[in-house]
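This report concerns only the one structure given below.
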Ligand code: SF4
């Protein structure tokens, strides 16, 4: 299986009835500002090169963001914040991400999520999170030869990611999420370590209130680059 094959396969998944219904309902009803657009309305694959050294793991696609555009963190305020920071850090070719085909390229970074379909109120159920885990496990396995660092946006992503790290030793009890948390995981087979970095999610709830500032995200990305050798 190649990353391209995986990215295509995930877009056909219908394993969670509630999320399939929701993503498709949102795609039909639309937000008024986007009523002339065709929504993606399907699972959203990861975005970024197959030889990424950093992965950014969020939560799930936003109903009118990635569920509309078909690309992670593309077309909403969370993405505006994230891509501006990636560009400032030299990890993205441009500071905005509006639609597939906008020319955006990521350098050494792959953006993905533990749940690939937009959930109502941004809240997947534990069963939906567990259903979706195998997609992330497979993606991480394909990225593994180059992957050195994962930036995890928020506690949900952190808790969903830890059981998906099949190639690395996760301590028991599992490390807790915190903004600024740094956890170094040895590989199960003696290969290169993986460093997890905790970061508050780039949601408007955090960025509008100042819980997560531009400077805080820039610091995390600088640390990620150091750990990834970028
Ligand atoms: Fe499939 Fe994941 Fe979407 Fe569930 S959330 S339908 S497992 S892609």
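In UniProt numbering, the protein residues as written are 3 to 232. Glycine included, each C-beta is placed from N, C-alpha and C at the ideal position.
What first and last residue would you give for the beta strand (DSSP E) that runs through residue i?
i, result
"residue 200", "196–201"
"residue 102", "Unbroken run through residue 102: none, as it is neither H nor E."
Indicate, with yes or no, if the ligand SF4 has a heavy atom lying under 7 Å from the CB of residue i.
i, result
"residue 16", "yes"
"residue 133", "yes"
"residue 33", "no"
"residue 73", "no"
"residue 130", "yes"
"residue 12", "yes"
"residue 61", "no"
"residue 232", "no"
"residue 45", "yes"
"residue 28", "no"
"residue 163", "no"
"residue 190", "no"
"residue 119", "yes"
"residue 187", "no"
"residue 137", "yes"
Quick one: give me the first and last residue of the alpha helix (DSSP H) that residue i is part of.
i, result
"residue 112", "Taken as a continuous stretch (DSSP letters only), residue 112 belongs to no alpha helix (DSSP H), being part of the beta strand (DSSP E) at 111–114."
"residue 5", "5–12"
"residue 140", "128–145"
"residue 79", "79–90"
"residue 70", "68–71"
"residue 207", "206–209"
Exposed or buried, residue i, counting other C-beta atoms within 10 Å across all chains shown (16 or more means buried)?
i, result
"residue 174", "exposed"
"residue 87", "buried"
"residue 82", "buried"
"residue 63", "buried"
"residue 123", "exposed"
"residue 197", "buried"
"residue 2", "With the chain covering only 3 through 232, there is no way to say anything about residue 2."
"residue 209", "buried"
"residue 71", "buried"
"residue 23", "exposed"
"residue 118", "buried"
Quick one: what's residue i bridged to in DSSP?
i, result
"residue 58", "113 and 153"
"residue 223", "In DSSP, residue 223 forms no bridge with anything."
"residue 30", "In DSSP, residue 30 forms no bridge with anything."
"residue 49", "113"
"residue 186", "197"
"residue 94", "108"
"residue 170", "189"
Say yes only if the C-beta of residue i is nearer than 7 Å to one or more non-hydrogen atoms of the ligand FAD, and no if none qualify.
i, result
"residue 172", "This structure simply doesn't include the ligand FAD; it includes the ligand SF4 instead."
Does residue i get closer than 8 Å to chain D when you measure Cβ to Cβ?
i, result
"residue 226", "Looking at the structure shown, chain D is missing, and only one protein chain is on hand."
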